[in-house]
Amino acid sequence: MCGRMTLTRPGDALRTLFDLDAPPDAVPRFNIAPTQKILVVVRDGATAPGLRVAWMRWGLVPPWAKDPVKGPPLINARAETVAEKPSFRSAFKRRRCLVPASGFYEWRAEGGRKQPYYIYAADGAPLAIAGLWEHWEGPEGDVVESCTLLTTEANDLVRPIHDRMPVFLPPAAFADWLDPDIDQPGPLLALLAPYPAAAM
1 MCGRMTLTRP
11 GDALRTLFDL
21 DAPPDAVPRF
31 NIAPTQKILV
41 VVRDGATAPG
51 LRVAWMRWGL
61 VPPWAKDPVK
71 GPPLINARAE
81 TVAEKPSFRS
91 AFKRRRCLVP
101 ASGFYEWRAE
111 GGRKQPYYIY
121 AADGAPLAIA
131 GLWEHWEGPE
141 GDVVESCTLL
151 TTEANDLVRP
161 IHDRMPVFLP
171 PAAFADWLDP
181 DIDQPGPLLA
191 LLAPYPAAAM
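If you use this note's numbering, the sequence shown corresponds to residues 1 to 200, in order.
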């Protein structure tokens with residue numbers, strides 16, 4: 001799973017990956033945790049197919065949830081089952097997003113304690129995590145936009161630490177991942193491979 005990440009240079013990451021400007025309130029963050037707001041890139045509608053940056057709560061709230069804060073936050077979705085799980089399958093078809101990150105943390109038990117490891121691209125470049133997002137609206141009109149990060153089996157570098165890792169997509173896959181007209185699982189699931197260990 002992925003439960004902590006960083007975005008140390010949000011402006012550089014958004015410009016490099018998406019040619020977008022960061023919101024004025026985007027600051028370097030070194031320990032982003034579930035339920036916090038994170039920067040997310042989504043496609044801005046079928047008629048104006050540009051990209052936009054949004055703040056969303058990390059921990060997906062399904063549209064049928066009665067309360068956005070009750071229950072454990074859905075911070076990760078397994079790539080292998082995301083197309084079938086009731087909490088994720090609608091968003092997987094229509095509401096996919098990308099989450100810029102500088103790296104992520106995983107912990108490994110060593111000698112009775114947990115040792116954190118920080119994992120990032122070998123060249124220090126920003127990464128884009130495949131995600132899903134949802135729009136929840138309560139009976140009083142309150143709105144929560146939330147997201148979850150996709151995970152896959154770990155590559156050779158991460159496997160000694162943890163058996164899962166985030167799905168990092170290369171820029172060549174961004175357009176297909178964000179395209180709402182692609183709603184069949186096959187082409188989408190083919191994108192969700194482990195990131196090459198040699199690139200980390």
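Just so it is clear, CB atoms sit at the ideal spot from N, CA and C, and this is done for glycine as well. These numbers were taken from a predicted model, which means no experiment stands behind them.
- Ala-130 and Leu-191 have their C-alpha atoms some 9 Å from each other.
- Bridge partners of Ser-146 according to DSSP: Arg-57, Glu-134.
- Cβ-Cβ distances below 7 Å link Ala-122 to Ala-199, Met-200 in the same chain, with the five nearest sequence neighbours on each side left out; the list follows chain order.
- Where Gly-103 is concerned, the enclosing beta strand (DSSP E) starts and stops at 103–110.
- For Ile-32, the closest of Cys-97, Val-69, Phe-92, Tyr-118 by C-alpha to C-alpha distance is Tyr-118.
- Around the beta carbon of Trp-133, a 10 Å sphere encloses 16 or more other beta carbons of the protein chains shown; the residue is thus reported as buried.
- Residue nearest to Arg-57 within the set Gly-186, Lys-37, Ala-13, Ala-128 is Lys-37 (criterion: CA-CA distance).
- Between the segment 83–103 and the segment 151–159 there are fewer than three inter-stretch CB-CB distances shorter than 8 Å, so the stretches are not counted as touching.
- If you compare the alpha carbons of Ala-22, Gln-115, Trp-136 with that of Pro-63, the shortest gap goes to Trp-136.
- Bounds of the beta strand (DSSP E) holding Phe-30 are 29–32.
- Of the candidates Lys-93, Thr-6, Gly-3, the residue whose Cα lies closest to the Cα of Gly-186 is Lys-93.
- Taking a C-beta distance under 8 Å as the contact criterion, Thr-16 and Gly-103 do not qualify as a contact pair.
- As for any alpha helix (DSSP H) of minimum length 4 sitting wholly inside the segment 160–189, the runs are 174–178, 185–189, ordered along the chain.
- Contact annotation: Pro-34 and Pro-10 have beta-carbon atoms that are not nearer than 8 Å.
- If you draw a 10 Å sphere on the C-beta of Gly-141, you find fewer than 16 other C-beta atoms in it, and that means exposed.
- Going by C-alpha positions, Arg-4 is about 11 Å away from Leu-149.
- Per DSSP, reduced to three states, the secondary structure at Ala-198 is helical.
- Just measuring C-alpha positions, the residue of Leu-178, Gly-138, Ala-173, Asp-163 sitting nearest Asp-67 is Gly-138.
- In the DSSP assignment, Ala-128 is bridged to Pro-100.
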